[in-house]
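Numbering (my numbering), first residue to last: 33 to 158. From the three backbone atoms N, C-alpha and C, an ideal C-beta is built for every residue, glycine too.
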């Protein structure tokens, strides 16, 4: 427990009681401990049909990667079967993956995006 501040309270009617007005109470204000939210990795999966240029476009559009880094991630997807696009909270990761999958379908490409828990998740408090 982290002690932030103590406040001494005294009731007016206690000033005239048998203790001679020496009645006080200490109230500790406690700062709440917050846990870091669990983080999720967002991956693009390789396929044999999606053009490399489209993968770079997706990385720039949905993950705000510059062209050079987007090309590096695309090459990792192409050579290793999947590549990480970013690490986000669960809600953001699910939203990004859904948007990428929807955009790929709209453009008639079989590109898939998935999420998985990051192994860097820990129970450290903020």
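Going by alpha carbons, who is nearest to residue i out of the options?
i           : options            : result
residue 128 : 85, 90, 83         : 90
residue 70  : 146, 121, 141, 132 : 121
residue 79  : 58, 143, 151       : 143
residue 130 : 141, 139, 147      : 147
residue 83  : 98, 152, 109, 153  : 109
Measure the C-alpha to C-alpha separation of residue i and residue j and round it to an integer number of angstroms.
i           : j           : result
residue 33  : residue 149 : Residue confidence for residue 33 is low, a pLDDT of 49 falling below 50, so the modelled location carries little weight; the figure read from the coordinates is stated next. Approximately 30 Å between the Cα atoms of the pair.
residue 112 : residue 104 : 12 Å
residue 92  : residue 107 : 14 Å
residue 102 : residue 117 : 9 Å
residue 156 : residue 65  : For residue 156, the predicted model reports a pLDDT of 49, less than 50, meaning its position is unreliable; a value from the coordinates is still stated below. Those two C-alpha atoms are separated by around 10 Å.
residue 132 : residue 145 : 7 Å
residue 124 : residue 68  : 15 Å
residue 119 : residue 74  : 6 Å
residue 158 : residue 72  : Low confidence applies to residue 158: its pLDDT is 44, below 50, so where it sits in the model is not reliable, and the reading given next is rough at best. In a straight line, the C-alpha of residue 158 is about 18 Å away from that of residue 72.
Per DSSP, what are the beta-bridge partners of residue i in this structure?
i           : result
residue 121 : 71
Along the chain, where does the alpha helix (DSSP H) that runs through residue i open and close?
i           : result
residue 143 : Premise fails: residue 143 is in no alpha helix (DSSP H) and is neither H nor E.
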